[in-house]
Structure formats: C-alpha cells, structure tokens
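J.:
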Ligand code: ADP
Ligand code: ZN
C-alpha cells in the first residue's frame, strides 16, 4: 500500500539522501507512529511529515501558525507536483470554496490549516469524513506558555488526540528546553511517543559577536564581506523605528534595503515578504516579527543590532541563514546598555517571579556567550543539550583567539570612580572624570577634586566602555532601577574586585580603543559575476543566466523564486552543465515534477549561456 520513502524523497524532492534523523523519523511516522521532532531552524523538519504523508494513504493535515508560511509551503509543494492547499482566514470566499471542493473530492494530499480554522466545528467534521494520513503540528512550541512564542489558539489542538485517536500526530519545533518539551508532549498527548532529537549544530553558519561601536558601518562592512553581493540578509533591530531608520540609511548607501515590523499594515507586510522571497539579494531590516515563515533557503547572513532575549531566540533567528547548507554568517552587535536594559525590563515586568527567574537565567546564559573568550558555538549548543567534542573553528573566538590580559587595575579604577561620584551618573561622565576632562559637569559637581580624577588617562574611552560592559555582564555594575536614566552603580559583586581578591581578565583587543569599522561604498562590492565558490567565468555566467530565467518564471507564476529552484540547485546545474534531461535529473534538488516543467527551459538557458 505505501510508497517507499526513499523513492519519494528522490522522485518528488530530488534529494539523494535523508539528513540526520530524518530517515528514522519518516520510517516511524510512515508506519503510523506519533512523535515529537526537535531540530534546529533549517534542520529539515518539513520532510519529516511531508514524506510520510505522501507514503501513507489519505490526507496529511499540517497545522501552521502563519499564513505566509503556509502559502509558501503550498507553492513549493505544488512545484514538486504534490496536490496541496491551505485553509486560513486570508482566503476570499471563492478560494475557500475551491479548497473545500478539492478536500471533498479527495484530490488533496496535504492540507495546511491555521489552528483557528481547525477549531471550527465544520472543519473538524469535514476532516473526520476523510481518510487521514497524519496530523503535523509545526512550530509546536506555540502551544506552551514556557516557549518564547505562546499562541493561545494552539491550545485547542489538545482535541486532536481525542477526536482522531487513530491518526498519527507529529509535533515539530526548534525549541528544545525541557519545560517547553514537556508541555508540548502533555498537551498533544505525546507522553508515550518517542522524542526525536536531532543535532542542533548548524556548522555552516559562522558566528561572530562584537561590541557595538558604529553599528551601521559595522553592519555594512560585515555585509560586504559576507555575501559577495549575491545573497539576501536580515538585520534584526531592537525597535520598529530602528528598522525604518536602518533601512533608510542603507538605501542611501546604495543597498537594496527594506524594513518590516508588526506595526505595518498587512498588505505592506505581505509586499515586503514577497520582495524578500523574490530571490533578489535584498537586505531586510526587521523586528523579530519577521522570520517565522521565511523559508528562503539562500539567506546568506543575519545580523543583530542589539542583544536578543536569550540563546534560544538568537539561535532561531540566526538559523534563518544558510538553510541550503552553503556557508552563511551571523553577527551580533551589543553594548553595555543592552544588558542593563534587559535586566531592568525583566525586573520591572509584571510577570510571575518564576517566569522572571527563567528570563534572568536566559539572559545570563546569553551574556556568558557573548562575553566569552572561548568557542561561542560550544556554549550556545550546550543550551540545547548538545556537547561539541571540539571547538568549532567557525566562530570569532575560534578564528581569532583572544589574548587575555589582566585588567583588574583598570576595573578597580572604574568601580572607584562610580562609587566616588555617588552612583548617580551615566558612563560618559564617569569616563570623563577618569580621563581627567574639565567639562562643565565635572567642575560643577567638584569631581575634578576627587582622587579618581584623571587616574585613567592612559586608557582610551572605547576601552573604558568595554571594561564597563564586562563589569555589567558579570554583575559588578548595574543600572539604577529607580530612574529611567542610564545611571551606573556598583553592586556587592564589585567588592571582591575592589579588594583585589578577584582578577578581571579581558580580551586584549577590548583594551585598545575599538577600531572604527571602515565602510566601503556599495559600488566597491565584489562584482556578482565572479562570486566565490565558482570555478570560473563561464560557470558564473551560466548561474546568472539561470537566475534571470528563474526570476522571470517566478514573477510570471507569482511564487517565491526559491520554490522553482533554490540557488544551490542553480549553482549545481551551472557547475555540472547537464546536456540531457537524464543528466539534469541527477542534480541535487531536481525532482520529477520540476524536470518535467523546467527541464527543457533549463537546458536551453545553459546552451544559450555558452
Ligand atoms: P526547518 O523546517 O527545520 O527549518 P526545512 O524543512 O525548511 O527546515 O529545511 C531546510 C532546508 O533544507 C530546505 O531548503 C530543504 O529543502 C533542505 N533539506 C531538508 N532535508 C533535506 C535533505 N534530506 N536533503 C537535501 N536538502 C534537504
Ligand atoms: Zn568556535
């Protein structure tokens, strides 16, 4: 009765092998088993339910939280020749009737549905009349208040087990913390079902962390280095206003930059999403509202302008880079304010104390990673229960090992200056006092008479900021909680440092004034045609010709470019130069349906490109 998973993988999706634990999961679900799948973003969760749904008789129902995500997945499946549809509140009357007709005919193999739709009695009744292959609950952490993305409408999914006890349930998420996992299993009645935990490592993403200095210049330098002008990237910004400002700044510098946040109206948001999935090398400056539902596999880099809320959200956000497995990069910029503001926000939030403790823990784990002088990926993966046996070799700490130097003396001077000035000032003033500057503020408070006045002339201002950030990260400094001004105060944890009982070791580079990132204008970016990873000119020419053809095709069909072929497949085609349909069929990512639709076109484009 059932088709063979490997044959489906090859014929429909055009992939030679399953990845990681996919094979095991697919086999289990195809045989009718339920389970929970934990894999990082970009780990390949979709195939874990798509292949079994195609192998089993009946309809596979996929619960998904976002309309954009559903639409893109459906578009991708249709390209692969799979009869799929989506049912959600964004459909007009006619579209909805069409889907319901297909559903009644029994012609559909996969139906994506929003939890609200599924909750409607009519929908569940209609499904109950069909033979069902499985239920897949995507982004399953949305069911848990412990997760970082709780959606109350997910709660009703508890009814699936009661109402459809015979139908296998597969829950999938990239959130792996124990509480969230327990909660998902409980609520979806999966406590007796196996948990498939894939490796969380995404070794192709280079991870870099740097103190924020001149953010836009740092980001521009990073972009130019990261994507040789061909790939798309995302800049996560701490506020809506910041997304607009950042995009405008970058446009002035000649970048193709857009902004995105939840305050935009739905049509503008959708237009920005469409533009991003067009296959063009656009830069998206966005709040965290952008991302879940962005399936574009060739995002080449993700940058953060400020500290995320914890390692989980950070990893999920940078996981959007390099889903295609090709080299990708992540850069996190942060400053002392980020840590202080985050601590204060948690302290002042109306949440319950247990929740606050968890939030503080989350933040502390992240701060430990960003302040670390050793392999960041090891620390990060430990948050997901993965232990790397060796340092990763692909993070800034591994690539540019820091020389640590003893900064205890300077740290003591800074703590003394904070203390002597009464714990009532921002960092700028404290540094002025240390560096012996005669500002009006300094003289009016009589701070030029203090013993600490001018004792830190030998240390540059940027270095003082780095020392302050380190002290803040270790909790020896804090921001005053009773005011909105960024006032620094010393804490109990400062005492052992002041007494000389605890050394303060800092990266050597942090003690030199942070070198200003130099910005290259857009025109200086590498010409797209000679991109890295290509053997030579003819190959690059073929790749560009294929991309131009794909863009036209995608626009014509109004689908994201990558659902036609991802960059990676186009690059393989350009490299292998197939001359026949048979040759083309063996390229990674070329399944039977796409061979049928595009094979002759692709061969023509290749011939014409020489
Ligand atoms: P997730 O949902 O876990 O974030 P996806 O299911 O979107 O990840 O898969 C990420 C990318 O990896 C997609 O571009 C997908 O086509 C690709 N992929 C997944 N499994 C395989 C495989 N076995 N072989 C090749 N590519 C794969
Ligand atoms: Zn490393």
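Residue numbers (this note's numbering): 21 to 630. Every residue gets a Cβ at the ideal spot worked out from N, C-alpha and C, and that includes glycine. These figures come from a predicted structure and were not determined experimentally.
Taking the beta carbon of residue 550 as the centre, do at least 16 other beta carbons fall within 10 Å, making it buried, or is it exposed?
T.: The residue you call residue 550 lines up with position 530 of the chain shown. Low confidence applies to residue 550: its pLDDT is 31, below 50, so where it sits in the model is not reliable, and the reading given next is rough at best. Residue 550 is exposed by the Cβ-count criterion.
J.: Verify the contact flag: residue 398, CB atom, against every heavy atom of ligand 2, threshold strictly below 8 Å.
T.: The residue given as residue 398 occupies position 378 in the chain shown. Yes; taking the cut-off as 8 Å, the Cβ of residue 398 has a heavy atom of ligand 2 nearer than that.
J.: Going by beta carbon distance, what residues of the same chain come within less than 7 Å of residue 265, once the five residues before and after it are set aside?
T.: Here residue 265 is taken as the residue at index 245 of the chain shown, counted from 1. Correct list: empty, nothing qualifies.
J.: Answer yes or no: the CB of residue 338 versus the heavy atoms of ligand 2, is any distance below 8 Å?
T.: By 1-based counting over the chain shown, the position of residue 338 is 318. In this structure, ligand 2 has no non-hydrogen atom nearer than 8 Å to the beta-carbon of residue 338.
J.: Considering Cα atoms alone, identify which of 393, 452 and 427 is closest to residue 415.
T.: Here residue 415 is taken as the residue at index 395 of the chain shown, counted from 1. Out of 393, 452 and 427, 393 has the C-alpha closest to the C-alpha of residue 415.
J.: Identify, in the order they occur along the chain, each residue of the same chain with its Cβ nearer than 7 Å to the Cβ of residue 422, setting aside the five sequence neighbours on each side.
T.: Working through the chain shown from its first residue, we reach residue 422 at position 402. Correct list, in chain order: 393, 527, 528 and 529.
J.: Which residues in the same chain as residue 127 place their Cβ atom closer than 7 Å to its Cβ, once the five residues preceding and following it in sequence are excluded?
T.: Taking the chain shown and counting its residues from 1, one reaches residue 127 at position 107. Closer than 7 Å at Cβ, skipping near neighbours: 103.
J.: Within the stretch 511-535, note down every full alpha helix (DSSP H) run reaching 4 residues or more, in order along the chain.
T.: Segments of the alpha helix (DSSP H) lying fully in the stretch 511-535: 515-518 and 528-531.
J.: Could you check where the beta strand (DSSP E) with residue 324 kicks off and where it finishes?
T.: Numbered from 1 along the chain shown, position 304 holds the residue referred to as residue 324. Start and end: 319-324.
J.: So residue 412 and residue 418 are in contact, right, with Cβ under 8 Å, and what is the actual spacing, rounded?
T.: On the chain shown, residue 412 is found 392 positions in, with the first residue counted as 1. On the chain shown, residue 418 is found 398 positions in, with the first residue counted as 1. 6 Å between Cβ atoms; contact.
J.: Okay, do the stretch 33-49 and the stretch 62-70 touch, 3+ Cβ pairs below 8 Å being the bar?
T.: yes
J.: Could you pull out every residue in the same chain whose Cβ sits closer than 7 Å to the Cβ of residue 569, ignoring the five residues on either side in sequence?
T.: Along the chain shown, read from residue 1 onward, the residue named residue 569 stands at position 549. Excluding positions up to five away in sequence, the list reads 621 and 625.
J.: When you compare only the Cα positions, how much space is there between residue 466 and residue 425?
T.: As a first step, residue 466 must be located in the chain shown, where it is residue number 446. As a first step, residue 425 must be located in the chain shown, where it is residue number 405. Roughly 34 Å between the two C-alpha positions.
J.: For residue 195, verify whether its CB is less than 8 Å away from any heavy atom of ligand 1.
T.: Here residue 195 corresponds to residue number 175 of the chain shown, with the count starting at 1. Result no, Cβ not under 8 Å from ligand 1.
J.: Would the beta-carbon of residue 59 be found less than 8 Å away from any heavy atom of ligand 1?
T.: Against the chain shown, residue 59 aligns to sequence position 39. Yes, Cβ of residue 59 sits closer than 8 Å to a heavy atom of ligand 1.
J.: Confirm, please, whether the CB-CB distance from residue 605 to residue 590 is below 9 Å.
T.: Here residue 590 corresponds to residue number 570 of the chain shown, with the count starting at 1. Here residue 605 corresponds to residue number 585 of the chain shown, with the count starting at 1. Their beta carbons are not under 9 Å apart, which means residue 590 does not touch residue 605 by this criterion.
J.: Leaving out five residues before and five after residue 60 in sequence, what residues of the same chain have Cβ atoms less than 6 Å from its Cβ?
T.: Taking the first residue of the chain shown as 1, we reach residue 60 at position 40. Correct list, in chain order: 194, 220, 222 and 339.
J.: Expressed to the nearest angstrom, what Euclidean distance is found between the alpha-carbon atoms of residue 143 and residue 73?
T.: Along the chain shown, one-based indexing puts residue 143 at 123. Along the chain shown, one-based indexing puts residue 73 at 53. Each residue's alpha carbon lies about 19 Å from the other.
J.: Three or more beta-carbon pairs under 8 Å between the stretch 380-393 and the stretch 326-345, yes or no?
T.: Contact holds between the stretch 380-393 and the stretch 326-345, because three or more Cβ pairs, one in each stretch, are under 8 Å apart.
J.: Using 8 Å as the cut-off, classify the Cβ of residue 343 as near or not near the heavy atoms of ligand 1, replying yes or no.
T.: Taking the first residue of the chain shown as position 1, residue 343 is located at position 323. Yes; taking the cut-off as 8 Å, the Cβ of residue 343 has a heavy atom of ligand 1 nearer than that.
J.: Would you check whether ligand 2 has a heavy atom nearer than 8 Å to the C-beta of residue 224?
T.: Along the chain shown, one-based indexing puts residue 224 at 204. With a cutoff of 8 Å, residue 224 does not count as near ligand 2, since its C-beta is closer than that to no heavy atom of the ligand.
J.: For the candidate residues 209, 125, 267 and 215, whose alpha-carbon lies nearest to that of residue 236?
T.: Within the chain shown, numbered from 1, the residue matching residue 236 stands at position 216. Among 209, 125, 267 and 215, the Cα nearest to that of residue 236 belongs to 267.
J.: Which residue wins for smallest C-alpha separation from residue 441, given the options 471, 427, 458 and 177?
T.: Against the chain shown, residue 441 aligns to sequence position 421. Looking at the Cα atoms, 471 is the closest of the given residues.
J.: If you drop the 5 nearest sequence neighbours on each side, which residues of the same chain put their C-beta closer than 8 Å to that of residue 21?
T.: On the chain shown, residue 21 is found 1 positions in, with the first residue counted as 1. Reliability of the predicted coordinates at residue 21 is poor, the pLDDT of 40 falling under 50, and the value obtained from them is presented with this limitation in mind. Excluding sequence neighbours, residue 21 sits near 77.
J.: Quick one: is the Cβ of residue 126 within less than 8 Å of any heavy atom of ligand 2?
T.: Taking the first residue of the chain shown as position 1, residue 126 is located at position 106. Residue 126 Cβ: outside cutoff for every heavy atom of ligand 2.
J.: By DSSP's criteria, residue 80 is part of a beta bridge. Which residues make up the other side?
T.: Stepping through the chain shown from its first residue, residue 80 is reached at position 60. Beta-bridge pairing links residue 80 to 130 and 154.
J.: Whole angstroms is fine: what's the gap from residue 543's alpha carbon to residue 506's?
T.: Here residue 543 is taken as the residue at index 523 of the chain shown, counted from 1. Here residue 506 is taken as the residue at index 486 of the chain shown, counted from 1. Bear in mind that a pLDDT of 42 at residue 543, under 50, signals an unreliable position, so the number given afterwards is only what the model happens to contain. Going from the Cα of residue 543 to the Cα of residue 506 covers about 39 Å.
J.: Taking the beta strand (DSSP E) that residue 122 belongs to, which residues open and close that run?
T.: Numbered from its first residue, the chain shown carries residue 122 at position 102. DSSP places residue 122 outside any beta strand (DSSP E); the residue lies instead in the alpha helix (DSSP H), whose first and last residues are 113-125.
J.: Which one or two residues does DSSP pair with residue 174 in a beta bridge?
T.: The residue labelled residue 174 in the question sits at position 154 within the chain shown. DSSP, once it has assigned bridges, lists no residue as partnering residue 174.
J.: Run the proximity test for residue 99: is its beta-carbon closer than 8 Å to any non-hydrogen atom belonging to ligand 1?
T.: Your numbering for residue 99 matches position 79 in the chain shown. No, Cβ of residue 99 sits at least 8 Å from all heavy atoms of ligand 1.
J.: Hey, quick one: how far does the beta strand (DSSP E) through residue 255 stretch, first residue to last?
T.: In the chain shown, counting from the first residue as 1, residue 255 sits at position 235. Unbroken beta strand (DSSP E) run through residue 255: 252-256.
J.: Rounded to whole angstroms, what's the CA-CA distance from residue 538 to residue 409? Just pull it up for me.
T.: Translated into positions along the chain shown, residue 538 becomes position 518. Translated into positions along the chain shown, residue 409 becomes position 389. Bear in mind that the predicted position of residue 538 carries a pLDDT of just 36, short of 50, making it unreliable; the figure below should be weighed with that in mind. Residue 538 and residue 409: Cα-Cα distance of roughly 37 Å.
J.: Take residue 596 as the anchor and find which of 583, 610 and 584 has the nearest alpha-carbon.
T.: As a working note, residue 596 is residue 576 in the chain shown. Closest by alpha carbon: 610.
J.: Can you tell me whether residue 532 is buried or exposed, with buried defined as 16 or more other CB within 10 angstroms of its CB?
T.: To locate residue 532, count along the chain shown from 1; it is residue 512. Exposed, since its Cβ has fewer than 16 Cβ neighbours within 10 Å.
J.: Mapping the DSSP letters down to three states, classify residue 277 as helix, strand or coil.
T.: Walking along the chain shown from the start, residue 277 turns up at place 257. Of the three classes helix, strand and coil, the one that applies to residue 277 here is strand, per DSSP.
J.: Evaluate contact between the stretch 98-115 and the stretch 166-175, counting only Cβ atoms and requiring at least three cross-stretch pairs below 8 Å.
T.: no
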